[in-house]
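K.L.:
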Amino acid sequence: MIHFIIGGARSGKSSYAENLAGNSGAEVIYIATAQAYDDEMQERIQQHKHQRPSQWDTFEEPIEIGNVINDKSSPTNCLLIDCLTLWVTNLLCENKNMADYKQQLVDALSNVKGDVILVSNETGMGVVPMGELTRRYCDEAGWLHQEIAALADQVVLMVAGIPVVIKHISSHHQHKS
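Here my numbering is used: the first residue of the sequence shown is 14, the next is one more, and so on.
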């Protein structure tokens with residue numbers, strides 16, 4: 014089952030996703046996309062690490078998340094990817110081909126063998142940014158979110174710590190293309 018958790022900054026996305034993963038009964042594999050470019054980001058990463066259960070395997074992968082999904086998905090695993098917007102940032106900063114990496118991710122998700130939980134920041138509910146790079150970032154994130162939401166069995170919008178289910182396909186009605 015593919016779960017997509019989306020919301021604004023400090024909306025409770027990560028906590029909700031971690032609870033969902035922890036309650037899955039599966040072996041949790043945490044895929045972190047964050048990179049520490051400064052001390053403040055390093056502190057945030059350390060804080061997230063301390064909050065996670067120590068038995069979870071963690072893979073720090075800023076770029077190749079499609080490959081990690083392909084390598085680690087199994088019927089007994091729950092993959093938790095936090096977060097897609099940092100992944101988009103990493104791809105843009107590294108000047109990677111967005112279309113290729115997005116297709117790799119979609120292909121990996123289309124063939125996933127267990128549960129996967131994807132977390133992302135909703136960036137499209139504010140003003141349109143002035144700079145070219147930030148506008149491209151919002152465009153790329155928005156297009157990615159649409160594709161992930163279309164693939165997902167469940168989409169949850171987090172609002173002030175409250176999960177609002179905006180899409181849910183029950184497991185007996187699922188179909189894979």
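Note that beta-carbon positions come from the ideal geometry of N, C-alpha and C, so glycine has one too.
Excluding the 5 residues preceding and the 5 following Lys26 in the sequence, name in chain order all residues of the same chain whose CB lies nearer than 6 Å to its CB.
P.N.:
Only residues of its own chain outside the window of five on either side were considered, and among them Ile18, Gly20, Val132, Met171 have a CB closer than 6 Å to the CB of Lys26, listed in chain order.
K.L.:
Out of Leu33, Glu107, Val101, which one is the CA nearest neighbour of Lys115?
P.N.:
Minimum Cα distance to Lys115 is reached at Val101.
K.L.:
Going by the beta-carbon positions, is the gap between Ser87 and Gly127 smaller than 7 Å?
P.N.:
yes
K.L.:
Taking the alpha helix (DSSP H) that Gly79 falls in, what are its first and last residues?
P.N.:
Per DSSP, the continuous alpha helix (DSSP H) segment holding Gly79 begins and ends at 78-85.
K.L.:
If you follow the alpha helix (DSSP H) that Thr102 is part of, which residue opens it and which one closes it?
P.N.:
97-106
K.L.:
Assign Ala173 to one of three DSSP states: helix, strand, or coil.
P.N.:
coil
K.L.:
Name, in chain order, the residues that DSSP records as bridge partners for Gln167.
P.N.:
His16, His181
K.L.:
Rounded to whole angstroms, what is the Cα-Cα separation between Glu107 and Arg149?
P.N.:
14 Å
K.L.:
So, helix, strand or coil for Thr71, using DSSP?
P.N.:
strand
K.L.:
Rounded to the nearest angstrom, what separates Ala154 and Leu97 at their Cα positions?
P.N.:
So the two alpha carbons sit approximately 8 Å from each other.
K.L.:
If you follow the beta strand (DSSP E) that Asp113 is in, where does it begin and where does it stop?
P.N.:
DSSP places Asp113 in no beta strand (DSSP E) but in the uninterrupted alpha helix (DSSP H) bounded by 111-123.
K.L.:
Locate the alpha helix (DSSP H) running through Ala30, then write down its first and last residues.
P.N.:
26-35
K.L.:
Return the CA-CA distance between Asp120 and Leu33, expressed in angstroms with no decimal places.
P.N.:
23 Å
K.L.:
Once DSSP output is grouped into helix, strand and coil, what is the label at His186?
P.N.:
Confidence at His186 is low in this model, with a pLDDT of 46, below 50, so its placement is unreliable and no value can be given for it.
K.L.:
Buried or exposed: which applies to Leu146, given that a residue is buried once 16 or more other Cβ atoms fall within 10 Å of its Cβ?
P.N.:
Counting of Cβ neighbours within 10 angstroms places Leu146 among the exposed residues, the total staying below 16.
K.L.:
Please go through the same chain and pick out, in chain order, the residues whose beta-carbon is closer than 6 Å to the beta-carbon of Asn83, but skip the five residues on each side of it.
P.N.:
Ala121
K.L.:
Could you tell me if Ser28 is buried or exposed, where buried requires 16 or more neighbouring beta carbons within 10 angstroms of its beta carbon?
P.N.:
Exposed is the call here.
K.L.:
Cβ of Gln64 versus every heavy atom of the ligand ADP: is any distance shorter than 6 Å?
P.N.:
Among the ligands in the structure shown, none appear at all, so the ligand ADP cannot be discussed.
K.L.:
Can you grab the Cα-Cα spacing for the pair Asp51 / Asn103, in whole Å?
P.N.:
15 Å
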